[in-house]
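A.B. asks: My structure is below; once you've seen it, I'll send some questions.
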Amino acid sequence: MRPFLFLAAVCLLVADASPPPKPNKKRENEPSNSGNAEPDADASPAEIDITPVLTLQNQWVLAADNKDLTLSALSGDVPLVVEHTGNNCGVRSVRAKESIPNEKSGIFYFEVEILAFTGSITMGLARSKLKWYQNVENQGYAYDASGYITGIDFNEKHAFIVRNKIVGETFVGCGVNLATRQIFYTKNGELLGTAKLSDDDELFPSVSMQSNGSKIEANFGSKEFKFDFANDTQIGVNPSHQYPTHQHPTRQHPTHQRSRSDNNLLQP
Numbered sequence: 003m004r005p006f007l008f009l010a011a012v013c014l015l016v017a018d019a020s021p022p023p024k025p026n027k028k029r030e031n032e033p034s035n036s037g038n039a040e041p042d043a044d045a046s047p048a049e050i051d052i053t054p055v056l057t058l059q060n061q062w063v064l065a066a067d068n069k070d071l072t073l074s075a076l077s078g079d080v081p082l083v084v085e086h087t088g089n090n091c092g093v094r095s096v097r098a099k100e101s102i103p104n105e106k107s108g109i110f111y112f113e114v115e116i117l118a119f120t121g122s123i124t125m126g127l128a129r130s131k132l133k134w135y136q137n138v139e140n141q142g143y144a145y146d147a148s149g150y151i152t153g154i155d156f157n158e159k160h161a162f163i164v165r166n167k168i169v170g171e172t173f174v175g176c177g178v179n180l181a182t183r184q185i186f187y188t189k190n191g192e193l194l195g196t197a198k199l200s201d202d203d204e205l206f207p208s209v210s211m212q213s214n215g216s217k218i219e220a221n222f223g224s225k226e227f228k229f230d231f232a233n234d235t236q237i238g239v240n241p242s243h244q245y246p247t248h249q250h251p252t253r254q255h256p257t258h259q260r261s262r263s264d265n266n267l268l269q270p
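With this note's numbering applied, the sequence shown covers 3 to 270.
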């Protein structure tokens, strides 16, 4: 019995002499689960990458069968000017040589200056299969002269509407937040709103014209834009800038009765 008591006493002495356990550093650094825990004051919302991702060498390309549009250059030899010189009625379209960049961040953007306006003009982004006799809105995402914003997947359901008609000489812009796939439009340097692209198709800057005498010039970034997207934090992130929707079974009749919901539409 005495040997047993002696061994027990030795064990107790060894236990008392052992160093205390080291604290769990991971747990020390973890925030408390208590409801009274203070939020991290240094935390900040995710920043938008507004790095320009442009196609500076881009230019218009014309289908061989398109006899009603003429390409030219106001300066240099890059064809950035498109003019409707034909006598035939109907939509005539042209698209850019390069598509929007396949990047995961940054802002793609281009602008069109309307030099002469004699009829409907539509601009935006279209698929590569856009035909020269099709409107941009039939193969992509478009902002037309009547103030409609349309997209591939909702052409026959409803259209986004803004009260910013294209009349006379105007600067109209189209861009994409490549991180969020948000498309946005501008007019004379002012943001009109944003909307989500519904697919991952390869999209090209495109313009459609309907009447003889209409004329535009594209700016893919070789000179200063009217819209300063580097200082606009609303691109693709602020829900209040999303285009308001209005149910419209067909776009053949652009005018509509004003309703209470129209109070939210963006004004010119």
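C-beta: ideal position from N, C-alpha, C; glycine also.
How about the segment 174-182 and the segment 108-119: do they share at least three Cβ pairs that are nearer than 8 Å?
C.D. replies: yes
A.B. asks: Buried or exposed: asparagine 90, going by 16 or more other Cβ atoms within 10 Å of its Cβ?
C.D. replies: Within the sequence shown, the letter at position 88 stands for residue 90. When all chains shown are included, asparagine 90 counts as exposed.
A.B. asks: Given glycine 215, which residues of its chain have a CB within under 7 Å of its CB, disregarding the five upstream and five downstream residues?
C.D. replies: Taking the first residue of the sequence shown as position 1, residue 215 is located at position 213. The residues are His86, Ala118, Thr120.
A.B. asks: Quick check on aspartate 146: buried or exposed, where buried means 16 or more other Cβ atoms within 10 Å of its Cβ?
C.D. replies: Start at 1 with the first residue of the sequence shown, and residue 146 comes out as number 144. With 16 or more Cβ atoms within 10 Å of its Cβ, aspartate 146 is classed as buried.
A.B. asks: Between the Cα of glycine 223 and those of Val114, Asn233, Val138, spot the shortest distance and give me the residue it belongs to.
C.D. replies: Within the sequence shown, numbered from 1, the residue matching residue 223 stands at position 221. If we check each option's Cα against that of glycine 223, Val114 comes out closest.
A.B. asks: Which residues in the same chain have their Cβ closer than 6 Å to the Cβ of aspartate 203, if we skip the five residues on either side of it in sequence?
C.D. replies: Here the question's residue 203 lines up with position 201 in the sequence shown. Excluding positions up to five away in sequence, the list reads Arg129.
A.B. asks: Pop quiz: glutamate 219 and leucine 82 are said to be a contact at Cβ under 8 Å. What is the actual Cβ separation, rounded to whole angstroms?
C.D. replies: Indexing the sequence shown from 1 puts residue 219 at position 217. Indexing the sequence shown from 1 puts residue 82 at position 80. The C-beta distance from glutamate 219 to leucine 82 rounds to 5 Å, short enough to fall under 8 Å.
A.B. asks: Quick one: using the 10 Å Cβ neighbour count with 16 as the cut-off for buried, is lysine 131 buried or exposed?
C.D. replies: Locating residue 131 in the sequence shown gives position 129, where the first residue counts as 1. Exposed: under 16 other Cβ atoms inside 10 Å.
A.B. asks: Run the CB neighbour count on aspartate 79, radius 10 Å, all protein chains shown included, and call it buried at 16 or more, exposed below.
C.D. replies: Sequence index remark: in the sequence shown, residue 79 carries index 77 (1-based). Burial call: exposed.
A.B. asks: Return the CA-CA distance between proline 207 and isoleucine 102, expressed in angstroms with no decimal places.
C.D. replies: Translated into the one-based positions of the sequence shown, residue 207 becomes position 205. Translated into the one-based positions of the sequence shown, residue 102 becomes position 100. Approximately 8 Å between the Cα atoms of the pair.
A.B. asks: Can you tell me the Cα-Cα spacing of lysine 228 and threonine 188, whole angstroms?
C.D. replies: Counting from one through the sequence shown, the residue named residue 228 turns up at place 226. Counting from one through the sequence shown, the residue named residue 188 turns up at place 186. Lysine 228 and threonine 188: Cα-Cα distance of roughly 9 Å.
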